[in-house]
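Right, one structure below, let's go through it.
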Amino acid sequence: MKLTQRGTLGLAIMAGVALTGAASQATFGSLIASDNASNYSSSWTSGSTGGYGFSSWAFSGPSNNNSNNGGFFIGSSPNIDTSSKSWGMYSNGGYETSAGREFSNGALQAGQTFSISMESYLVQNATGKNSLPASIAIEMTDLTAPNGVFTLYFNGGATDYFVYNSATNSSTDTGLAYSDGGPVSVSFEQTSASAGTLTVGYAGQPSTFKSINLTGLSAAITGFTATANDIGSNNNFYINSASIAAVPEPATLGMLAIGGIGLLTARRRK
209 MKLTQRGTLG LAIMAGVALT GAASQATFGS LIASDNASNY SSSWTSGSTG GYGFSSWAFS
269 GPSNNNSNNG GFFIGSSPNI DTSSKSWGMY SNGGYETSAG REFSNGALQA GQTFSISMES
329 YLVQNATGKN SLPASIAIEM TDLTAPNGVF TLYFNGGATD YFVYNSATNS STDTGLAYSD
389 GGPVSVSFEQ TSASAGTLTV GYAGQPSTFK SINLTGLSAA ITGFTATAND IGSNNNFYIN
449 SASIAAVPEP ATLGMLAIGG IGLLTARRRK
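The numbering used here applies: residue 209 is where the sequence shown begins, and numbers increase by one.
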């Protein structure tokens with residue numbers, strides 16, 4: 209069937225829209241999972257849930273929720289807030305609190321990126337639970353890996369954030385200096401079944417971003433845990449905006465681009 213000039217133009221515009229949308233997805237990723245503190249009214253409790261793509265929250269701590277030595281709450285950490293809310297936790301007196309979730313759609317796959325924001329205040333320089341340094345951490349977990357797959361952490365009294373790889377039983381300095389009250393953006397892109405790239409930096413400060421290649425990972429990543437180990441009285445650790453995104457295959461973008469160019473060329477020949 210011969211296309212009219214108007215019909216050809218319409219298809220060209222549709223192709224352009226499709227191509228623009230695909231390019232946008234390639235930049236920002238199509239979301240597989242997403243949740244943030246604005247999805248919660250006034251409390252954050254073990255078993256609560258929000259958003260999509262994640263299981264319910266599972267807490268551990270002195271009494272699992274809110275005691276003199278540790279607890280969990282909906283609070284405000286302005287640099288990472290969504291609608292003036294973030295998830296917060298505290299720990300002191302030699303106790304540790306942690307909040308974790310599993311991925312509803314299974315283990316992280318190559319081409320998928322997990323992201324989360326975090327911010328901490330006044331991590332004390334002391335010895336916490338299990339004779340470990342007072343610390344904050346984001347741990348990527350697997351149901352069969354009791355020590356986690358890898359952990360991004362900061363120990364009170366240190367200078368930088370470090371990442372621990374359980375497969376090699378070693379820690380690597382990320383090169384990102386700790387800043388009290390600094391909003392840290394964390395993302396991990398799975399590049400193969402046992403490798404990926406961890407990127408950390410201060411939100412809105414591109415020059416601070418550091419990337420660490422992690423290889424030989426011990427297991428598939430099926431969830432995450434945020435932990436505060438005896439960070440000190442009246443000190444808090446905040447997290448927010450957890451997500452998993454998948455970027456379309458380059459071949460898909462190429463096909464859309466070729467289709468759009470072809471339609472525009474056909475219009476010129478009329």
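Cβ atoms here follow ideal geometry from the backbone N, Cα and C, with glycine treated the same way.
Could you give the distance in angstroms between the alpha-carbon of Ser-250 and the alpha-carbon of Asn-448?
Within the sequence shown, residue 250 is the residue found at index 42, counting from 1. Within the sequence shown, residue 448 is the residue found at index 240, counting from 1. The alpha-carbon atoms of Ser-250 and Asn-448 are separated by roughly 15 Å.
Our contact map puts Gly-364 next to Pro-341 with C-beta atoms below 8 Å; I'd like the distance itself, whole angstroms only.
Taking the sequence shown and counting its residues from 1, the one referred to as residue 364 is at position 156. Taking the sequence shown and counting its residues from 1, the one referred to as residue 341 is at position 133. Right, their Cβ atoms sit about 6 Å apart.
Quick one, are the C-beta atoms of Thr-407 and Ser-387 less than 9 Å apart?
To locate residue 407, count along the sequence shown from 1; it is residue 199. To locate residue 387, count along the sequence shown from 1; it is residue 179. No, Cβ-Cβ distance for Thr-407 and Ser-387 is not below 9 Å.
Where do the N-terminal and C-terminal ends of the beta strand (DSSP E) with Val-392 fall, by residue?
The residue you call residue 392 lines up with position 184 of the sequence shown. Its beta strand (DSSP E) spans residues 392–400.
By a C-beta neighbour count over all protein chains shown, 10 Å radius and 16 as the cutoff for buried, is Gln-398 buried or exposed?
Position 190 of the sequence shown holds residue 398. Counting Cβ neighbours within 10 Å, Gln-398 comes out buried, since at least 16 surround it.
Expressed to the nearest angstrom, what Euclidean distance is found between the alpha-carbon atoms of Thr-423 and Asn-244?
In the sequence shown, residue 423 corresponds to position 215, counting from 1. In the sequence shown, residue 244 corresponds to position 36, counting from 1. Looking at the two C-alpha atoms, the distance is approximately 30 Å.
Taking buried to mean at least 16 other C-beta atoms within 10 Å of its own C-beta, is Leu-425 buried or exposed?
Position 217 of the sequence shown holds residue 425. Result: buried.
I need the straight-line Cα distance from Lys-174 to Ser-306, nearest angstrom please.
Absent from the structure is residue 174, since the part of the chain shown begins at 209 and ends at 478.
Output yes or no for whether 9 Å exceeds the beta carbon distance between Gln-320 and Ile-452.
Looking up residue 320 in the sequence shown gives position 112. Looking up residue 452 in the sequence shown gives position 244. Cβ distance < 9 Å, so Gln-320 and Ile-452 count as in contact.
Report the partner residues of Asp-163 according to the DSSP bridge assignment.
The chain is shown from 209 up to 478; residue 163 falls before or after that span and cannot be answered.
Sort Ser-284, Gly-279, Ile-288 by Cα distance to Ala-411 and report the nearest one.
Locating residue 411 in the sequence shown gives position 203, counting from the first residue. Of Ser-284, Gly-279, Ile-288, the residue nearest in Cα terms is Ile-288.
Tell me whether Ala-245 sits in a helix, a strand or coil according to DSSP, three-state version.
As a position in the sequence shown, residue 245 is number 37, starting the count at 1. The answer is helix: DSSP assigns Ala-245 an H, G or I state.
Can you check whether the CB of Ala-318 is closer than 9 Å to the CB of Ser-238?
Along the sequence shown, one-based indexing puts residue 238 at 30. Along the sequence shown, one-based indexing puts residue 318 at 110. Cβ distance not < 9 Å, so Ser-238 and Ala-318 don't count as in contact.
Using the Cα positions of Ser-264 and Trp-252, report the straight-line distance between them to the nearest angstrom.
Position 56 of the sequence shown holds residue 264. Position 44 of the sequence shown holds residue 252. About 11 Å.
Would Ser-374 be called buried (16 or more neighbouring beta carbons within 10 Å of its own) or exposed?
Walking along the sequence shown from the start, residue 374 turns up at place 166. Counting Cβ neighbours within 10 Å, Ser-374 comes out buried, since at least 16 surround it.
Residues bridged to Phe-362 by DSSP?
The count along the sequence shown starts at 1 and reaches residue 362 at position 154. The partner list for Phe-362 (beta bridge, DSSP) reads Ile-344.
For my contact list, Ile-344 and Phe-358 are in at a C-beta cut-off of 8 Å; report their separation, rounded to the angstrom.
Counting from one through the sequence shown, the residue named residue 344 turns up at place 136. Counting from one through the sequence shown, the residue named residue 358 turns up at place 150. No, Ile-344 and Phe-358 are not in contact; Cβ-Cβ is about 15 Å, not under 8 Å.
Tell me where the beta strand (DSSP E) around Phe-262 begins and ends.
By one-based count along the sequence shown, residue 262 stands at place 54. Neither: Phe-262 is in no beta strand (DSSP E) and is coded neither H nor E.
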